Structures are given as C-alpha cells and as structure tokens.
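Enquirer: Counting in numbering that gives the first Met the number 0, the sequence shown runs from 0 upward without gaps.
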Amino acid sequence: MGIVWAFVTGRDRELDPPIGWWRGPTWLGWALVLGVMGMWAISAFLIFTLANAGNSLVGVLVAAPEFAAVVLARHFPLTAVRLAFAATIAAAIYSKELPHPLGYARHWPLDSHLIPLAPVVALGIARAPKERMAGVALLAFGAMALATPIVAVGYGADMMAGPIAGVIGAVIAGFILNDNRYTRLESEYERQKRSHLQQRTKIARELHDVIGHHLSMIAVRTDSARYRLSGVTPEIQEEFSALGDAAREALTDARRLIGVLREDDSEAEHLPQPTIDDIPELVQSAVASGASVTAELSAVPGVPAMVGLAAYRIVQESLSNAMRHSPGTPISVCLRSAEDSIELSVENGPFAPFSEAVDGNGLAGIKERVSLVGGECAAGRRADGGFRVWAKLPR
C-alpha cells in the first residue's frame, strides 16, 4: 500500500535524483536555503513560544524538525516528508491563538508552519516513482487528517482551512513537477537515442565506403591478374579466383552487417577523414588494380573539410561500383572547379550481362552526403548502357 511505503517501508534511495533546477554555485544555493530557513526557524520558535506562554521547549519542538526536513529534502526526500509529518502533528498539538500578532503570524501559528511544509511535500512527490506519488500525497493528507480534529476540539475545524488548502496546493504542484520531470527524462532519452543512431549511421557509412572499396579492389585485382601478370598458371589462377570469391563473399557479409547498423532517418556524420586532395591517389589505386581509368582533375584549393570528404567518398563509391559491375570497361573521372562550386563525374562503359544490380546503399550514401553539404547529384544509366554519377558541391 502506498501510504505504508511512504511512512514505513520506503527508502530514500528509491526516489529519483534531485530535480536540479538550481543552476548557480552549490554553496550559494545552500547559503540561500539555510539563510531563509534560519530566519523562518527563529520566527517559528518565537511564535510558538509566545503561543505557549513563553515555553521555549515548544518552540524548539516545532521549529527544529521542520528546519531539518528542509535541509534533508535534497538527499533524503522521504525522510524529510516523514519529519514534516511529525512536525505538523506537533504544531497542531501546540497551536494556540496568539495573544497579539507577531511577524507574519496574525493570530494563528499553524499557518506559518506551511512555509517549509509545502515545498518539502511538493519536492517529495516530484521525486517519487510514478506508482509511489499517491503514497507521499496520502502521507501529507494524513497529517492534515490527524491535525484537524486536534485543532477542532479547542478552536473549530474552520481554523484548518488555510493549512489544508496549502497542502492541497503543494500536492498538486508535486504532481505537476513529477510529470514535467518524466517528460524531460523521456526527451533526454530520445535525444540520446538519436545520437546513438547517428553514431551507428556514421560507422555504417564509413564501413561501407572503406571496407566495400577495398574488398572490391581485391576482387578486381584477383580477377584481372591473368591479364596483368605473365606466367600465371592454371593453379595460380584458381587460387586467385578463390581469393576473389572470398573477397566478394566477405563484401556480401559486410553489407548485411552494415544494413543492421544503418538507420535511414538518421543524420549524416560530421567528422571528415580523407580530403579532396586524396582523390588522385584514389584514382591511382584503381589503376593499379587493373582498371582502365582516365582522370581530369583540376586543382581545387580551399575546399571545406566536409565538402572534400563528400567529394572523396563519391569518387570512391563510384569507382568501386564501376569496377565491380562493369569490369574491363573504361572509366573516366572528371573534377572541375568553378568560382562557387565543384563539379565531378564518374562514368564507365556498359555493365556486363552477368553483373549484379548497382548497390543501393552506395548510391543512397552519395545522395546523403551531397544533401548534407547542400549540393545536387544525379546517377543513372547512359544511353549506351554505361553508368554515370554526377555531383555538384558548393565551395
């Protein structure tokens, strides 16, 4: 039962961490709390001492537990609510009409008791688990239910109207704070989830671009070895073919794994690796693999890192697709620079009849990169059956 948990079996560690609304230095926050509560404790001590014919022990009995409740509320919220409960009963027992007004208490000392009681109750409910909020609220209402008949005997139940209204307000405030707290926690969880998915997308794209490119290179070089090297015996060629098959199988498995990592609605990554200056080396690597590549590469100084990375990956993916799907056909790479843009294209001859379809992840990655930097691109078959990838990137 909720009230039993709140009053007896519950532990402070079961409540959520502090709300954390204070953004200033910790020492300043504590100084403000202790300063305000110190002034209240002195006033409450004087008020209840006055109401009880100068009995200072009564003032201490009422003021000390409530002061302690506020101080403990941050690290021991459930203990603080229980202390406030006990202090409320003590205040009801020793409440007597004042012989004359004192400070903010005009004629009834129990009203002043609500100054620390209300925030302790509200913060206790705000930090309670959803299923335990009602228990903390019932504990606060239980204090009022016990205090009301005690006061009503001597002064009438109407004297409790103010304290009861104050506790109702504190409970409502606690429920609102709790709801807002969980909303913020859910928003933070969603933000972290999006960040995690973006990181996964980044890893997937880089795996596709880097591993896919190099595995394709291995397959192409092993397939073309008999044409590039002399003295390749049938046994050696069989070994090369086995290596090529293994590379293609590894590429298929890698794509399957990358498909698990990818999230199409995630944002592209922002951390550049290669640059546009590395494209000539990329072309030379393709030539060394046996591909027939001609390149027209203009110098493009002062390119932003993100644009340079996009240009490099576009050429890398296009070369990989051309060598994989249309081996042996000529490939042309063109990179031109204008005043405010970079235009690049990669074209190859007709696809071999036995080739597989162009990899959708690669073209999707190209479109994502171009979109990220604010460019435009197009990819598709030429009239002669070849393939062309074109992109225009801003400088």
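The C-beta atom is built at its ideal place from N, Cα and C for all residues, glycine as well.
This structure is a prediction, so every number in the text was calculated from the model and none was measured.
Going by CA-CA distance only, name the one from LEU31, GLU346, PRO233 that's closest to THR293.
Expert: As a first step, residue 293 is located in the sequence shown; it is residue number 294 there, counting from the start. THR293 has its Cα closest to that of GLU346, out of LEU31, GLU346, PRO233.
Enquirer: For PHE398, which residues does DSSP report across the bridge?
Expert: Outside the displayed range of the chain (0 to 394) lies residue 398, so it cannot be described from this structure.
Enquirer: Look up SER340 in the DSSP assignment and give the residues it is bridged to.
Expert: Counted from its first residue, the sequence shown places residue 340 at position 341. Per DSSP, PRO393.
Enquirer: With 16 as the cutoff for other CB atoms within 10 Å, does ASN179 come out buried or exposed?
Expert: Reading the sequence shown from its first residue, position 180 is the one you call residue 179. So ASN179 counts as exposed.
Enquirer: Locate the beta strand (DSSP E) running through VAL80, then write down its first and last residues.
Expert: Locating residue 80 in the sequence shown gives position 81, counting from the first residue. Note, VAL80: premise wrong, no beta strand (DSSP E); alpha helix (DSSP H) at 76-93.
Enquirer: From this set, GLY165, GLU13, LEU116, which residue's C-alpha is nearest ALA86's C-alpha?
Expert: Position 87 of the sequence shown holds residue 86. Among GLY165, GLU13, LEU116, the Cα nearest to that of ALA86 belongs to LEU116.
Enquirer: DSSP state of PRO271, grouped into three classes?
Expert: The count along the sequence shown starts at 1 and reaches residue 271 at position 272. Residue placement at PRO271 is flagged as unreliable, the pLDDT there being 44, under the threshold of 50; the coordinate-derived value follows with that caveat. Of the three classes helix, strand and coil, the one that applies to PRO271 here is coil, per DSSP.
Enquirer: Can you find at least 3 beta carbon pairs, one from the segment 166-175 and one from the segment 115-131, that sit closer than 8 Å?
Expert: Enough Cβ pairs lie closer than 8 Å, so yes.
Enquirer: Of the residues PHE75, LEU71, ALA139, ALA30, which one's Cα is nearest the Cα of GLU13?
Expert: As a working note, residue 13 is residue 14 in the sequence shown. Ranking the options by Cα distance to GLU13, first place goes to PHE75.
Enquirer: When the Cα of ASP383 is compared with those of ALA309, THR328, ASP339, which residue comes out closest?
Expert: What you label residue 383 is simply residue 384 of the sequence shown in a count that begins at 1. Nearest option by C-alpha distance: THR328.
Enquirer: If you draw a straight line from the alpha carbon of ALA285 to that of LYS192, how long is it in whole angstroms?
Expert: Position 286 of the sequence shown, counted from the start, is the residue given in the question as residue 285. Position 193 of the sequence shown, counted from the start, is the residue given in the question as residue 192. Each residue's Cα considered, the two are about 39 Å apart.
Enquirer: Using DSSP with H/G/I as helix, E/B as strand and the rest coil, what is GLU295?
Expert: What you label residue 295 is simply residue 296 of the sequence shown in a count that begins at 1. GLU295: strand per DSSP, three-state reduction.
Enquirer: Rounding to the nearest angstrom, what Cα-Cα distance links PRO24 and ASP15 in this structure?
Expert: What you label residue 24 is simply residue 25 of the sequence shown in a count that begins at 1. What you label residue 15 is simply residue 16 of the sequence shown in a count that begins at 1. Whole-angstrom Cα-Cα distance: 22 Å.
Enquirer: Between the C-alpha atoms of LEU137 and SER186, what's the straight-line distance to the nearest angstrom?
Expert: Numbered from its first residue, the sequence shown carries residue 137 at position 138. Numbered from its first residue, the sequence shown carries residue 186 at position 187. Approximately 30 Å, taken between the alpha carbons.
Enquirer: Give me the Cβ distance between ALA246 and ALA218, rounded to the nearest whole Å; I'm assuming they're in contact under 8 Å.
Expert: One-based indexing of the sequence shown puts residue 246 at position 247. One-based indexing of the sequence shown puts residue 218 at position 219. Going by Cβ atoms, the distance from ALA246 to ALA218 rounds to 4 Å, so yes, they are a contact pair.
Enquirer: Please confirm whether HIS212 and SER319 have their CB atoms less than 9 Å apart.
Expert: Start at 1 with the first residue of the sequence shown, and residue 212 comes out as number 213. Start at 1 with the first residue of the sequence shown, and residue 319 comes out as number 320. Taking 9 Å as the Cβ cut-off, HIS212 and SER319 qualify as a contacting pair.
Enquirer: Measure from the alpha carbon of LYS129 to the alpha carbon of each residue in ARG323, ALA363, ASP157, ASN177, then state which is nearest.
Expert: Residue mapping note: residue 129 aligns to position 130 of the sequence shown, counting from 1. For the residues ARG323, ALA363, ASP157, ASN177, the minimum Cα distance to LYS129 belongs to ASN177.
Enquirer: By the three-class DSSP mapping on this structure, what secondary structure does ASP11 have?
Expert: On the sequence shown, residue 11 is found 12 positions in, with the first residue counted as 1. The answer is helix: DSSP assigns ASP11 an H, G or I state.
Enquirer: Cα separation between ARG10 and ARG126?
Expert: The count along the sequence shown starts at 1 and reaches residue 10 at position 11. The count along the sequence shown starts at 1 and reaches residue 126 at position 127. Using only the alpha carbons, I get a separation of about 12 Å.
Enquirer: Please state whether DSSP places ILE18 in a helix, a strand or coil.
Expert: On the sequence shown, residue 18 is found 19 positions in, with the first residue counted as 1. Three-state DSSP puts ILE18 in coil, outside helix and strand.
Enquirer: Check GLU96 in the structure and name its three-state DSSP category.
Expert: Numbered from 1 along the sequence shown, position 97 holds the residue referred to as residue 96. Here GLU96 sits in coil by DSSP.
Enquirer: How is the alpha helix (DSSP H) around VAL47 delimited, first residue to last?
Expert: Taking the first residue of the sequence shown as position 1, residue 47 is located at position 48. Per the sequence shown, the amino acid found at residue 47 is Phe instead of Val. Here the alpha helix (DSSP H) through PHE47 covers 25-50.
Enquirer: Which term fits LEU334, buried or exposed, when burial requires 16 or more other beta carbons within 10 angstroms of its beta carbon?
Expert: Here residue 334 refers to the residue found at position 335 of the sequence shown. The residue is buried, with at least 16 neighbouring Cβ atoms inside 10 Å.
Enquirer: Do SER336 and ARG394 count as a contact pair if the criterion is CB distance below 9 Å?
Expert: Here residue 394 is taken as the residue at index 395 of the sequence shown, counted from 1. Here residue 336 is taken as the residue at index 337 of the sequence shown, counted from 1. Contact flag set, yes.
Enquirer: Buried or exposed: ASP244, going by 16 or more other Cβ atoms within 10 Å of its Cβ?
Expert: Locating residue 244 in the sequence shown gives position 245, counting from the first residue. Exposed.
Enquirer: List the residues that DSSP assigns as beta-bridge partners of LEU71.
Expert: As a working note, residue 71 is residue 72 in the sequence shown. Paired residues: none, contrary to the question.
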